[in-house]
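Chemist:
In the working numbering, the protein residues as written are 1 to 109.
(1) Return the residue from the list 33, 70, 54 and 53 that minimises the CA-CA distance to residue 11.
(2) Going by DSSP in three states, residue 51 sits in which element: helix, strand or coil?
(3) CB-CB under 6 Å to residue 89, same chain, minus the five flanking residues each way: which ones, in chain order?
(4) Quick check on this structure: which residue in 30, 34, 7 and 32 has the alpha carbon closest to the alpha carbon of residue 21?
(5) Please report the straight-line C-alpha distance between residue 16 and residue 37, rounded to a whole angstrom.
Here is the structure:
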């Protein structure tokens with residue numbers, strides 16, 4: 001059962017393909033995605049919904065790449081991953097700067 005596992009076991013289980021464990025971590029941390037996306041709520045270069053979508057995908061990347069053995073809180077690790085992916089999305093897809101070439105391997109999910 002998911003509730004009986006420690007956070008370290010939950011992450012290892014999610015990284016080994018357990019969808020229930022990954023879903024539990026996502027539900028626990030979606031507030032972080034919304035709080036970061038809130039900064040972009042009334043910006044002209046990205047919509048709030050786009051920021052939430054990019055942030056959600058970045059959260060999945062953070063879950064995949066997180067190493068609980070490093071003694072770093074997951075929210076700290078995920079914050080930088082989410083903020084970075086949203087910033088990267090804005091740089092690569094701003095409509096007021098046409099013909100920008102996106103970076104290679106922009107999103108590997």
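Where is the CB? At the ideal position from N, CA and C, for every residue including glycine.
Fair warning: this is a prediction, and the values are worked out from it, not measured in the lab.
Modeler: Looking at the coordinates:
(1) Checked all of 33, 70, 54 and 53; the closest Cα to residue 11 is 70.
(2) Residue 51 falls in the helix class under three-state DSSP.
(3) Scanning its chain for C-beta atoms nearer than 6 Å, with the 5 sequence neighbours on each side dropped, one finds around residue 89 the residues 54, in chain order.
(4) The shortest CA-to-CA distance from residue 21 to any of 30, 34, 7 and 32 is the one to 7.
(5) Each residue's Cα considered, the two are about 29 Å apart.
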